[in-house]
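Number of protein chains: 2
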Amino acid sequence: MSKSQLTLTPVETAACCSPLLREPLSWAQAEQVMPLIKALADPVRLRLVSIVAASEGGEACVCDLNDAFDLSQPTISHHLKVLHEAGLLDRTKRGVWVYYAVRREVLADVAALLGGGA
Amino acid sequence: MSKSQLTLTPVETAACCSPLLREPLSWAQAEQVMPLIKALADPVRLRLVSIVAASEGGEACVCDLNDAFDLSQPTISHHLKVLHEAGLLDRTKRGVWVYYAVRREVLADVAALLGGGA
DNA sequence: CGCGTACATCGATGAGTGTCAATATTGACC
DNA sequence: GGTCAATATTGACACTCATCGATGTACGCG
Numbered sequence: 003m004s005k006s007q008l009t010l011t012p013v014e015t016a017a018c019c020s021p022l023l024r025e026p027l028s029w030a031q032a033e034q035v036m037p038l039i040k041a042l043a044d045p046v047r048l049r050l051v052s053i054v055a056a057s058e059g060g061e062a063c064v065c066d067l068n069d070a071f072d073l074s075q076p077t078i079s080h081h082l083k084v085l086h087e088a089g090l091l092d093r094t095k096r097g098v099w100v101y102y103a104v105r106r107e108v109l110a111d112v113a114a115l116l117g118g119g120a
Numbered sequence: 003m004s005k006s007q008l009t010l011t012p013v014e015t016a017a018c019c020s021p022l023l024r025e026p027l028s029w030a031q032a033e034q035v036m037p038l039i040k041a042l043a044d045p046v047r048l049r050l051v052s053i054v055a056a057s058e059g060g061e062a063c064v065c066d067l068n069d070a071f072d073l074s075q076p077t078i079s080h081h082l083k084v085l086h087e088a089g090l091l092d093r094t095k096r097g098v099w100v101y102y103a104v105r106r107e108v109l110a111d112v113a114a115l116l117g118g119g120a
């Protein structure tokens, strides 16, 4: 239940310019992107995404991420869960370690929706 | 005090590809964009931006915006204030009416930070 | 001046959420 | 099996925030 709830890709991204700027967003459309934008609307989570994306191989294990913040381990774990459930982060378990990777397509979709072409 | 607190334009947007995806965002950088992303992290506000942008002349008066939602007038006024103070909406008073317009450059900056090139 | 309309501000309230300490789960290793 | 390290989950608390009704301000008009 964490595959992808991104149904905005087919229509929105296909539109030539800027979806959000050309025609009024419906309530349903707005509700659909909210999990993504809300997930990014936190300094810790935004940095988590950035750190993970900029890591070697595009993935990072939780242990490394914990060290990057002055926050407790459960807090980081919670933020990663939010990002994962929003569909922004992929989760892979290797041995005792868990690696997260950024779904760049999803992030690109959000960006396209906001600023699109213009 | 509502000109532009967007100092991420000079450096970030100038970078070739995707700012957030190439190198780890600093805490200061993350804190700087947060007002913008947080402002967009609400279905009502996201739709407000969209409706305003898609309106004739790129602006809309509050009276029109009020009719577009099943919310009280103070609530809409509050959301518009948030968007305005975040720097996303311009505010112009003409007679008794107040018109809001989207600062597309600001929105484009946020989009560029997120999805950038890749 | 007085009245009505358009919009903003204030105060209160209920829902949501970021954070932590404590505890549970999972896997590696001896 | 027992123990330790890496993550996740739980429960609680403080704080933020979306929303409303009531009230305030500003402007146009007769």
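Protein sequence lines, in the order shown, are assigned to chains A and B.
Per our numbering, the first sequence starts with residue 3, numbered consecutively.
Per our numbering, the second sequence starts with residue 3, numbered consecutively.
Where a beta carbon is used, it is the ideal one built from N, C-alpha and C, also for glycine.
Item, Value
"Inter-residue Cα distance where the pair is LEU23(B) and SER52(A)", "5 Å"
"Residues of the stretch 55-89 of chain A with Cβ closer than 7 Å to any Cβ of chain B, in chain order", "ALA55, ALA56"
"Under 7 Å between C-beta atoms of ALA88(A) and PRO37(A)", "yes"
"Strand pairing of CYS65(A), partner residues [DSSP]", "According to DSSP, CYS65(A) bridges with nothing at all."
"Proximal chain B residues relative to GLY97(A), where beta-carbon distance stays under 9 Å", "Near GLY97(A) there are no residues of chain B at all, since even the closest Cβ is about 25 Å away, more than 9 Å."
"Among LEU116(B), GLU61(B), THR77(B), nearest to ARG96(B) - alpha-carbon criterion", "GLU61(B)"
"Cβ pair count under 8 Å reaching 3, the stretch 65-74 of chain B against the stretch 25-42 of chain B", "no"
"Rounded Cβ spacing between VAL35(A) and LEU115(A) (contact assumed at less than 8 Å)", "6 Å"
"Member of GLY117(B), VAL108(B), ARG47(B), ARG105(B) whose CA lies at the smallest distance from the CA of SER79(B)", "ARG47(B)"
"Chain A contact for GLU107(B) (CB, 7 Å cutoff)", "no"
"Same chain only: Cβ atoms within 6 Å of HIS86(B), ignoring 5 sequence neighbours per side", "ARG93"
"Paired residues, beta bridge with ALA103(B) - DSSP", "GLU61(B), ASP92(B)"
"Where ASP111(A) falls, given that 16 or more other Cβ within 10 Å makes a residue buried", "buried"
"Residues that LEU23(B) contacts on chain A, provided the C-beta gap is smaller than 8 Å", "SER52, ALA55, ALA56, VAL104, ARG106, LEU109"
"Anticipated Cβ contact below 8 Å, VAL54(A) with ALA103(A), distance rounded", "7 Å"
"Nearest-angstrom beta carbon gap, TRP99(A) and ARG49(B) [assumed within contact, 8 Å]", "Wrong, their Cβ atoms sit about 41 Å apart, outside the cutoff."
"Neighbourhood of TYR101(B) by C-beta, 7 Å cutoff - its chain only, sequence neighbours within 5 removed", "GLU61, ALA62, CYS63, THR94"
"CB-CB length for ALA56(A) against GLU25(B), believed under 8 Å", "5 Å"
"Neighbour flag for LEU42(A) against chain B, beta carbons, 7 Å", "yes"
"Residue-chain proximity (PRO45(A), chain B), Cβ-Cβ < 7 Å", "yes"
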